[in-house]
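Those sequence lines, one after another, are chains A and B. Just so we're aligned: 144 in numbering that gives the first Met the number 0 is position 145 of the first sequence, and the numbers increase by one with no gaps anywhere. Just so we're aligned: 190 in numbering that gives the first Met the number 0 is position 191 of the second sequence, and the numbers increase by one with no gaps anywhere. Positions of the beta carbon are idealized from the N, C-alpha and C atoms, including for glycine. Predicted, not measured: the structure shown is a model, and the values here were computed from it. These notes are about the structure you will find just below.
2 protein chains.
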Amino acid sequence: MNDIIPTTKSTLTPLAVEVTRGAVVESRHRASCAVVDSAGNLVQSWGDVDQAVYPRSAIKAIQALPLVETGAAEAYGLGDGEIALACSSHGGEPFHVATVEAWLVRIGLTEADFECGAHLPAHGPSSEALLRHDHAVTQIHNNCSGKHMGFLTTACHAGEPTKGYIHPDHPVQQRISAVIAALSGVDLARVPVAVDGCGIPTLALQLKGLATAMARFADPASQPDGRGAAMTRIHQAIAARPEMVAGTGRLCTAIIRETGGAVLAKTGAEGVFAAALPGLGLGLAIKVDDGAGRASEVAVTNILKHLGAIDDAVAARLADFMVAPLKNIVGRRIGDVRPAATWPQ
Amino acid sequence: MNDIIPTTKSTLTPLAVEVTRGAVVESRHRASCAVVDSAGNLVQSWGDVDQAVYPRSAIKAIQALPLVETGAAEAYGLGDGEIALACSSHGGEPFHVATVEAWLVRIGLTEADFECGAHLPAHGPSSEALLRHDHAVTQIHNNCSGKHMGFLTTACHAGEPTKGYIHPDHPVQQRISAVIAALSGVDLARVPVAVDGCGIPTLALQLKGLATAMARFADPASQPDGRGAAMTRIHQAIAARPEMVAGTGRLCTAIIRETGGAVLAKTGAEGVFAAALPGLGLGLAIKVDDGAGRASEVAVTNILKHLGAIDDAVAARLADFMVAPLKNIVGRRIGDVRPAATWPQ
């Protein structure tokens, strides 16, 4: 399919997403996007792909590589569900929670060993049900608890203390930094480090560096044996259990499911989206200037379509993410989030 | 205080608000702002003040004028609490709910007469408490229920059918359109009309038109007797009961309270903020391009400071809205929402 990818073209014109209400564009978003191949070549770009971007949760599949590479996943007999959950920003739906609970038992730890903090399930109905039953909100409900399970499992397998596993100098985070450096080609000694929502380090990669890491994830054959095999294992798990990566009604789950795993797309906070396209041997990364998730969702689906990574049939099944209807409180459609007329054709 | 206002200056450079995480600016917002006097002169501006903007909830104090002008508020013996609530986007806190419930009894209607739809209280703890007690979510919890009470009360007083009061051709909405036309100076026959979140019409005024309406609200002496008196009555009610306009921890309430009612500020969805500055005889309107409320909040407090509408002491008490700390799930401060270095001094 590589022949449908345009030749290298770099432009400073960002992608434009607009929010309509009636006949008026009420709000406007701008996004940058880098598309890179596994050799690290910038294949296509819009906006500023040199900007420093915190990948946030968009890089979780890569943060899960040590879980498989160290042999921890195999040693603890983790299945597709657990491995997919290690790459997730899950909604805290009952099946997510049950999987984390059973996994905790398997590694001999408890909810108190998490260092991610507690918040209500991101999935609205699950959150409401939890409160109506007057249940406690725990760290298991944190959308990052699957990722943290991967961290804890790796530490247990390596015989490392689990306490402090979120700190940059803990071996868990050191292994992850090494993986990110190798895949992104970015010299991490020179990038700013900040604290993510769940307490772990987040490294400000250039947008094209994030896309490069995703491209290499999309091409396991380009990697040394152990790493390539771990990528393939994670790819299989995500493709088999897309509901674990996000959940009901969520775009990441829908893209993975509707493409049969040919596109591994993952959202991150502050308007980041990243995707590995194994079929095309490409990676992409998107950053919305203002951090709006509603814009990154519309941007990623329409760029995937533009790249030929999703066809007309898949686009039709993702219609509500290509042009996202906005409804008011009584359910009346009052506008849309849609690509602007300047969208690349 | 008028002498501190710069002379008329129009610029296309928008205001810039940035979101930091660690040492990096993670996201960026741009806003336009119009500052107008009650004669309709543009006193100062940033960005595009000719753009069509739906005022959304930022215009609620003006939408409440017919409630007072028609004599409905007096006929039903409404106090400061009810009148302030008619201008509110309230949090659905218990005192908001109780006020609406008692007011419904006073006009002989029930919750079923609302046409705004039901949603969970915007105030998080109130929402959680409602669910933990397994109570029903009703239209009374809708953040616009106070405004709708104003509409219903006016219809009852005028002997009009309450059914259909949200439709553009109902006398309730016709009266409001006439008020908006008179105060904004905008020919409403030529502006797009869309549907607001709560089902009523929202009219796409130019940003400077919205600011003009606020400026006239700030200068009741410029208005005919009945209208000027209604403005004064609403101003008094809002100043007396700022907690009714928004609620606990909310910026609108804080600005009104900390300025003793010298600044009447009101947020609207999609990054709109409007304010009437009676002390300065000015009105202002802000629109964030991308619709982000976090940016409109930082923009309005810093513009009020720039204009001299709030002094250093008030700014200090509003510190967390001038530069808004961002905390992660475990409460660690990881960044800020702040004016960019280019902010007007």
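Can you check whether the CB of residue j is closer than 8 Å to the CB of residue i?
{"i": "Phe216/A", "j": "Leu182/A", "result": "yes"}
{"i": "Pro219/B", "j": "Gly208/B", "result": "no"}
{"i": "Glu25/B", "j": "Glu92/A", "result": "no"}
{"i": "Leu263/B", "j": "Ala63/B", "result": "no"}
{"i": "Val99/B", "j": "Ala117/B", "result": "no"}
{"i": "Val287/A", "j": "Ala30/A", "result": "yes"}
{"i": "Ala85/A", "j": "Lys162/A", "result": "no"}
{"i": "Glu159/A", "j": "Pro170/A", "result": "yes"}
{"i": "Pro191/A", "j": "Val23/B", "result": "yes"}
{"i": "Gly282/B", "j": "His89/B", "result": "no"}
{"i": "Arg232/A", "j": "Ile82/A", "result": "yes"}
{"i": "Ala274/A", "j": "Leu303/A", "result": "yes"}
{"i": "Ala298/B", "j": "Tyr53/B", "result": "no"}
{"i": "Gly80/A", "j": "Met230/A", "result": "no"}
{"i": "Ala291/B", "j": "His28/B", "result": "yes"}
{"i": "Thr69/A", "j": "Ala157/A", "result": "yes"}
{"i": "Gly21/B", "j": "Ala193/A", "result": "yes"}
{"i": "Ala238/A", "j": "Gly259/A", "result": "yes"}
Below 6 Å CB to CB, which residues in the same chain sit around residue i once its five sequence neighbours on both sides are set aside?
{"i": "Val96/B", "result": "Ile139"}
{"i": "Arg293/A", "result": "Val336"}
{"i": "Asp195/B", "result": "Thr201"}
{"i": "Ile3/A", "result": "For Ile3/A, the predicted model reports a pLDDT of 38, less than 50, meaning its position is unreliable; a value from the coordinates is still stated below. Contacts found: Gly307."}
{"i": "Ala33/A", "result": "Ser44, Val48, Leu206, Lys207, Ala210 and Ala284"}
{"i": "Thr19/B", "result": "Gly334 and Asp335"}
{"i": "His361/B", "result": "With chain B covering 0 to 344 only, the question about residue 361/B has no answer from this structure."}
{"i": "Ser37/B", "result": "Ala214, Arg215, Asp218, Ser221 and Gly280"}
{"i": "Ile254/A", "result": "Val262 and Ala264"}
{"i": "Ala180/B", "result": "Leu187"}
By Cβ distance, which residues of its chain are closer than 7 Å to residue i, with the 5 residues on each side in sequence left out?
{"i": "Gly184/A", "result": "Gly39, Gly208 and Thr211"}
{"i": "Thr6/B", "result": "Only weak support is given to the placement of Thr6/B: the predicted model assigns it a pLDDT of 40, under 50, and the value that follows is read from those uncertain coordinates. Within the same chain, Thr6/B has no close Cβ partners at all."}
{"i": "Ser144/A", "result": "Val99, Phe113, Cys115 and Gln138"}
{"i": "Ile106/A", "result": "Tyr75, Leu151, Thr152 and Cys155"}
{"i": "Arg256/B", "result": "Pro241"}
{"i": "Pro65/B", "result": "Thr153, Arg174, Ile175 and Val178"}
{"i": "Ala314/A", "result": "Lys304 and Met321"}
{"i": "Arg316/A", "result": "Glu257"}
Could you list which residues in chain B have their beta carbon closer than 7 Å to that of residue i, in chain order?
{"i": "His118/A", "result": "Ile328"}
{"i": "Arg27/A", "result": "Asp288 and Asp289"}
Would you mind telling me which residues of chain A sit closer than 7 Å to residue i, beta carbon to beta carbon, in chain order?
{"i": "Asn40/B", "result": "Ordered by position in chain A, no residue passes the 7 Å Cβ test against Asn40/B, which lies about 26 Å from the chain."}
Less than 8 Å between C-beta atoms, sequence neighbours within five positions excluded: which residues of the same chain meet that for residue i?
{"i": "Asn1/B", "result": "Here Asn1/B scores only 35 on pLDDT, less than 50, and its place in the model should not be relied on; the value that follows carries that caveat. These residues qualify, in order along the chain: Leu279 and Gly280."}
{"i": "Arg332/A", "result": "Pro324, Leu325 and Lys326"}
{"i": "Gly330/A", "result": "none"}
{"i": "Lys8/A", "result": "Caution applies to Lys8/A, whose pLDDT of 48 falls short of 50 and renders its modelled position unreliable; the value that the coordinates give is listed next. Cβ within range, chain order: Gln43 and Ser44."}
{"i": "Leu108/B", "result": "Leu151, Cys155 and Thr161"}
{"i": "Leu11/A", "result": "Gly46 and Asp47"}
Please list, in chain order, the chain B residues whose beta carbon lies closer than 8 Å to that of residue i.
{"i": "Ala312/A", "result": "By Cβ distance, chain B contributes nothing, its closest Cβ being about 32 Å from Ala312/A, past 8 Å."}
{"i": "Leu331/A", "result": "According to the sequence displayed, residue 331/A carries Arg and not Leu. Within 8 Å Cβ-Cβ: Val194 and Gly198."}
Note down, in chain order, every chain B residue with its Cβ under 9 Å from the Cβ of residue i.
{"i": "Gly21/A", "result": "Tyr53, Pro191, Val192, Ala193, Val194, Thr201 and Ala203"}
Residue i touches chain A at which residues, Cβ-Cβ below 8 Å?
{"i": "Glu17/B", "result": "Correct list: empty, because the minimum Cβ distance to chain A is about 10 Å."}
Ordered list of alpha helix (DSSP H) runs contained in the stretch 69-105 of chain A, each at least 4 residues
If we require 4 residues or more, the alpha helix (DSSP H) runs fully inside the stretch 69-105 of chain A come out as 71-74 and 79-85.
Which runs of the alpha helix (DSSP H) at least 4 residues long sit entirely within the stretch 20-63 of chain A? Give them in chain order.
Within the stretch 20-63 of chain A, the complete alpha helix (DSSP H) runs of at least 4 residues are 59-62.
Using a beta-carbon distance cut-off of less than 7 Å, what residues from the stretch 258-289 of chain B approach chain A?
Within the stretch 258-289 of chain B, the qualifying residues are Glu269, Gly270, Asp288 and Asp289.
Please identify, using Cβ separations under 8 Å, the residues of the stretch 188-206 of chain A that lie next to chain B, in order along the chain.
From the stretch 188-206 of chain A, only Pro191, Val192, Ala193, Val194, Asp195, Gly196, Cys197, Gly198, Thr201 and Ala203 have a Cβ closer than 8 Å to chain B.
Of the residues that make up the stretch 108-132 of chain B, which ones have a beta carbon closer than 7 Å to any beta carbon in chain A?
For the stretch 108-132 of chain B, which is checked against every Cβ of chain A, the residues closer than 7 Å are Cys115, Gly116, His118, Glu127, Leu130 and Arg131.
May I ask you to list, following chain order, the residues of the stretch 140-165 of chain B that have a beta carbon less than 9 Å from some beta carbon of chain A?
Contact residues of the stretch 140-165 of chain B toward chain A are Asn141 and Cys143 (C-beta to C-beta distance below 9 Å).
Using a Cβ-Cβ cut-off of less than 7 Å, list which residues of the stretch 174-185 of chain B approach chain A; keep chain order.
Answer set for the stretch 174-185 of chain B: empty.
Please list the segments of the alpha helix (DSSP H) lying wholly inside the stretch 207-244 of chain B, counting only runs of 4 or more residues, in order along the chain.
Listed in chain order, the alpha helix (DSSP H) elements of length 4 or more contained wholly in the stretch 207-244 of chain B are 224-239 and 241-244.
Uninterrupted beta strand (DSSP E) stretches inside the stretch 134-213 of chain A (no shorter than 3 residues)
Taking only runs of at least 3 residues, the beta strand (DSSP E) segments lying wholly in the stretch 134-213 of chain A are 192-194 and 200-202.
Please go through the stretch 314-341 of chain B and give each complete alpha helix (DSSP H) segment of 4 or more residues, from N-terminal end onward.
Segments of the alpha helix (DSSP H) lying fully in the stretch 314-341 of chain B: 318-321.
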